[in-house]
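J.: Numbering (my numbering) for the sequence shown: 12 to 172.
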Amino acid sequence: MTTEGPAPAVTLKAIGHGRQLTFNALGTPAVVMCVARESSDQPQAVVDVVREKWRDAAKVMIVNVADGRAFPKLIHKVAEQIMKSSYNDAVAGLEPGMKPEDYVLIAPDWDGKLLKPLGFEDVSKQMGVAVIDGSGNLVGTYQGDDAPGQTVVMVEKALGT
């Protein structure tokens with residue numbers, strides 16, 4: 012885990028609904044999972060444990076950031092369509108009353124504007140997780156085998172519990 016400090020003042024646009032996510036001004040504690048295509052199956056365990064403890068997105072937001080640094084600009088639209096398909100699948104699985112703009116947040120980071128300042132150089136083998144508190148401060152980051160457990164510890168710290 013890294014030390015605390017201000018979250019990066021970076022804005023990314025979510026796929027699907029287009030919500031603008033400014034990471035130092037989210038206003039809600041957030042779990043930010045940074046993944047590559049090869050590690051895209053890893054976030055579900057973190058989502059499950061976070062939503063088991065904090066079901067309401069107004070209490071804890073979850074954002075999936077797709078590392079797009081490996082994609083040439085020429086194929087960004089193709090990659091966005093693949094992400095849009097994942098978005099549509101996730102929206103179809105939402106329970107009634109859950110808004111996609113609160114519960115399905117998938118944002119590409121094409122040039123590492125967010126991943127680099129969080130310290131995630133390579134997320135292809137293991138995703139990186141960052142937790143940001145409601146005031147826009149970075150609580151910590153983690154990249155390793157215990158992402159669900161370490162994420163809970165960081166979220167509890169962000170919530171002051």
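Yeah, the Cβ is synthetic: ideal placement off N, Cα and C, and Gly gets one too.
Under 9 Å between C-beta atoms, does Val43 make it to chain C?
T.: Reference to chain C is not applicable here, since this structure consists of a single protein chain.
J.: Got a sec, what are the start and stop residues for the alpha helix (DSSP H) Gln161 sits in?
T.: Residues Ala158 to Leu170.
J.: Could you give the distance in angstroms between the alpha-carbon of Asn148 and the alpha-carbon of Lys110?
T.: So the alpha carbons of these two residues sit roughly 25 Å apart.
J.: Would you identify the three-state DSSP class for Ala56, choosing helix, strand or coil?
T.: Helix, per DSSP.
J.: Excluding sequence positions up to five away, which residues of its chain have a Cβ less than 6 Å from the Cβ of Gln53?
T.: So the list reads Met138, once near-sequence residues are dropped.
J.: Can you look up Ala143 in the DSSP assignment and give me helix, strand or coil?
T.: Inspection of the sequence shows that residue 143 is occupied by Ile rather than by Ala. It is a strand residue.
J.: So Val102 is in the alpha helix (DSSP H); what residue range does that whole segment cover?
T.: It spans His87 to Ala103 - the alpha helix (DSSP H) in which Val102 sits, taken as one unbroken run.
J.: Is Leu129 closer than 9 Å to Val71 when the C-beta atoms are compared?
T.: Contact flag unset, no.
J.: Helix or strand or just coil, what does DSSP make of Val71?
T.: Of the three classes helix, strand and coil, the one that applies to Val71 here is coil, per DSSP.
J.: For Gln154, collect the residues of the same chain with a Cβ closer than 6 Å to its Cβ; drop the 5 residues on either side in sequence, then sort them by chain order.
T.: Excluding sequence neighbours, Gln154 sits near Gln137 and Gly139.
J.: Kindly indicate which three-state DSSP category Asp133 falls into: helix, strand or coil?
T.: Note: Asp133 maps to coil in three-state DSSP.
J.: Between the segment 23-30 and the segment 90-99, do three or more beta carbon pairs fall short of 8 Å?
T.: Touching, yes.
J.: Do you know how far the Cα of Gly171 is from the Cα of Ser135?
T.: Their backbone Cα atoms lie some 32 Å apart in a straight line.
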